Amino acid sequence: MDEQEWFAEQLAQHRPRLRAVAYRLLGSLADVDDALQEAWLRTTRADPAAITNPAAWLTTLVGRVCIDMLRARRARREQLSATWEPLVSEYGDPEEASLHTDAVGIALLVVLDSLEPAERLAVVLHDMFGMPFEQVAVIVGRTPAATRQLASRARRRLRERAPQPRAGLPAQRRVVDAFLAAARAGDFDALLTLLAPDVVFRSDHGRRARLAPALLTGAGAVAARAADAGPRFARLCVPVLVNGVAGVVARDRRGKPIAVVGFTVHDDRIVAIDMILDPDKLPSGPLASAPTAQPGSGTTRLRPVS
Numbered sequence: 010m011d012e013q014e015w016f017a018e019q020l021a022q023h024r025p026r027l028r029a030v031a032y033r034l035l036g037s038l039a040d041v042d043d044a045l046q047e048a049w050l051r052t053t054r055a056d057p058a059a060i061t062n063p064a065a066w067l068t069t070l071v072g073r074v075c076i077d078m079l080r081a082r083r084a085r086r087e088q089l090s091a092t093w094e095p096l097v098s099e100y101g102d103p104e105e106a107s108l109h110t111d112a113v114g115i116a117l118l119v120v121l122d123s124l125e126p127a128e129r130l131a132v133v134l135h136d137m138f139g140m141p142f143e144q145v146a147v148i149v150g151r152t153p154a155a156t157r158q159l160a161s162r163a164r165r166r167l168r169e170r171a172p173q174p175r176a177g178l179p180a181q182r183r184v185v186d187a188f189l190a191a192a193r194a195g196d197f198d199a200l201l202t203l204l205a206p207d208v209v210f211r212s213d214h215g216r217r218a219r220l221a222p223a224l225l226t227g228a229g230a231v232a233a234r235a236a237d238a239g240p241r242f243a244r245l246c247v248p249v250l251v252n253g254v255a256g257v258v259a260r261d262r263r264g265k266p267i268a269v270v271g272f273t274v275h276d277d278r279i280v281a282i283d284m285i286l287d288p289d290k291l292p293s294g295p296l297a298s299a300p301t302a303q304p305g306s307g308t309t310r311l312r313p314v315s
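Laid out in structure tokens, this is it:
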């Protein structure tokens, strides 16, 4: 087996983890594939004999590629909307649902997207993938102590601004179904009972004309919006999984997705609603699988380049 065959074998073996790392760092499925392609290209400069832990080495390599891409984004300053994309799959399929077990919720992606590249890398690689700070420090170009501070600062912002679900999927589904029923009926009072007092509603329009406020906070404001738009919009919605939690996709009369909505549920109350209206981020074909999927699940394969 020559060197490139060995690297191709290692990349295939560790690909699910590498895709998961890249998605948490980049948030865009297209960028994930670009990052893995660039990682493949960079293996041509490496000596397999010097690699004692292929999984750790490949994770470090992908981390380096991702931080370069994140820094390039910051330097361009041309991004008009969030860079993350939702992972959407059919609800009710146990095999499909299992692919979302480790998915990152939209609320978390929103905050990750606001972090500095080094902060994002430090908290993702250490907290989510268990990489020692000594290794993360090499990637971000800081000391281990400074890297710990980066992660601590990022962790604090995630706790403050990124609520995570505290309900199982069946309980989430019940709350979301009740919300949709109340929205279809325009029932303001029923909507209020399903929303946390400090609920946050975010919408990502991208290049699309604004159809809803970009940000609403508070149960009263969100319930009023849902009661006003719900009788029309909620009738277009069907249940799906969005980044591993209960959500909906709205389709037009031709079946084309026009919106994806993810809900974060705490103790039978909705604490966050994230609506994606950006046409560039909506599923256009079969619903996508999470980047934790195993080979053969329908995700795009890494393309070795000669």
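In terms of the working numbering, the sequence shown opens at residue 10 and continues consecutively.
In this text, a Cβ means the ideal position worked out from N, Cα and C, and glycines have one as well.
Values in this document were obtained by computation on a predicted structure and should not be read as measured data.
Closer than 6 Å by C-beta to residue i: which residues in its own chain qualify, once you throw out the five before and the five after it? Chain order, please.
{"i": "Thr-309", "result": "Note that Thr-309 has pLDDT 27, beneath the 50 cutoff, so the model's placement of it is unreliable and no number is given."}
{"i": "His-23", "result": "Ala-64 and Leu-67"}
{"i": "Ser-315", "result": "Residue confidence for Ser-315 is low, a pLDDT of 25 falling below 50, so the modelled location carries little weight and cannot support an answer."}
{"i": "Asn-62", "result": "none"}
{"i": "His-131", "result": "One detail in the question is off: residue 131 reads as Ala in this sequence, not His. The answer, listed in chain order, is Val-145, Thr-156, Leu-159 and Ala-160."}
{"i": "Asp-261", "result": "Ile-267"}
For residue i, does the three-state DSSP call read helix, strand or coil?
{"i": "Asp-283", "result": "strand"}
{"i": "Thr-156", "result": "helix"}
{"i": "Ser-212", "result": "strand"}
{"i": "Leu-96", "result": "coil"}
{"i": "Gly-229", "result": "helix"}
{"i": "Ala-205", "result": "strand"}
{"i": "Phe-138", "result": "coil"}
{"i": "Arg-175", "result": "strand"}
{"i": "Arg-260", "result": "strand"}
{"i": "Pro-292", "result": "coil"}
{"i": "Thr-273", "result": "strand"}
{"i": "Arg-151", "result": "coil"}
{"i": "Pro-126", "result": "helix"}
{"i": "Ile-267", "result": "strand"}
{"i": "Ala-191", "result": "helix"}
If you compare alpha carbons, which of the options is closest to residue i?
{"i": "Arg-82", "options": "Ala-59, Ala-58 and Ala-127", "result": "Ala-127"}
{"i": "Arg-211", "options": "Met-140, Val-270, Glu-125 and Val-147", "result": "Val-270"}
{"i": "Met-284", "options": "Arg-262, Pro-292, Arg-260 and Ala-223", "result": "Ala-223"}
{"i": "Leu-134", "options": "Arg-193, Arg-166 and Arg-73", "result": "Arg-73"}
{"i": "Glu-125", "options": "Val-257, Leu-167, Phe-142 and Pro-141", "result": "Leu-167"}
{"i": "Arg-216", "options": "Gly-264, Pro-288 and Asp-198", "result": "Pro-288"}
{"i": "Thr-156", "options": "Val-247, Gly-195, Ala-116 and Arg-129", "result": "Arg-129"}
{"i": "His-214", "options": "Gly-195, Pro-141, Val-149 and Leu-291", "result": "Leu-291"}
{"i": "Ala-44", "options": "Gln-19, Pro-57 and Asp-77", "result": "Asp-77"}
{"i": "Ile-60", "options": "Leu-245, Ala-259, Phe-16 and Met-140", "result": "Phe-16"}
{"i": "Cys-75", "options": "Glu-18, Tyr-32 and Ala-154", "result": "Tyr-32"}
{"i": "Leu-178", "options": "Asp-237, Val-132, Arg-162 and Pro-248", "result": "Pro-248"}
{"i": "Glu-18", "options": "Leu-79, Ala-194 and Pro-57", "result": "Pro-57"}
{"i": "Arg-80", "options": "Gly-150, Met-140, Pro-141 and Ala-190", "result": "Gly-150"}
Could you pull out every residue in the same chain whose Cβ sits closer than 8 Å to the Cβ of residue i, ignoring the five residues on either side in sequence?
{"i": "Val-184", "result": "Ala-176, Leu-203, Ala-255, Phe-272, Val-274, Asp-277, Arg-278 and Ile-279"}
{"i": "Asp-319", "result": "Not covered by the structure: residue 319. The range shown for the chain is 10 to 315."}
{"i": "Glu-143", "result": "Pro-153"}
{"i": "Leu-27", "result": "Leu-20, Leu-45, Ala-48, Leu-67, Thr-68 and Val-71"}
{"i": "Asp-186", "result": "Pro-248"}
{"i": "Arg-162", "result": "Glu-128"}
When you compare the CB positions of residue i and residue j, do they come within less than 9 Å of one another, or not?
{"i": "Val-119", "j": "Ala-171", "result": "yes"}
{"i": "Leu-286", "j": "Ala-268", "result": "yes"}
{"i": "Ala-29", "j": "Phe-138", "result": "yes"}
{"i": "Gly-229", "j": "Leu-201", "result": "yes"}
{"i": "Thr-52", "j": "Gln-13", "result": "yes"}
{"i": "Ala-116", "j": "Gln-158", "result": "no"}
{"i": "Phe-197", "j": "Ala-233", "result": "yes"}
{"i": "Ile-282", "j": "Val-209", "result": "yes"}
{"i": "Cys-246", "j": "Val-257", "result": "yes"}
{"i": "Ala-192", "j": "Ala-243", "result": "yes"}
Applying the 10 Å Cβ sphere with the 16-neighbour rule, what's the burial state of residue i?
{"i": "Pro-266", "result": "buried"}
{"i": "Thr-152", "result": "exposed"}
{"i": "Gly-253", "result": "buried"}
{"i": "Thr-226", "result": "exposed"}
{"i": "Gly-264", "result": "exposed"}
{"i": "Leu-121", "result": "buried"}
{"i": "Ala-21", "result": "exposed"}
{"i": "Gly-114", "result": "buried"}
{"i": "Asp-40", "result": "buried"}
{"i": "Ala-55", "result": "exposed"}
{"i": "Leu-50", "result": "exposed"}
{"i": "Arg-182", "result": "buried"}
{"i": "Pro-206", "result": "exposed"}
{"i": "Ala-235", "result": "buried"}
{"i": "Phe-84", "result": "The sequence given here places Ala at residue 84; Phe does not occur at that position. Label assigned to Ala-84: exposed."}
{"i": "Pro-25", "result": "buried"}
With a CB to CB cut of under 7 Å and the five nearest residues on each side skipped, what residues in its chain are close to residue i?
{"i": "Gly-195", "result": "Ala-236, Gly-239 and Pro-240"}
{"i": "Met-140", "result": "Thr-68 and Leu-134"}
{"i": "Glu-169", "result": "none"}
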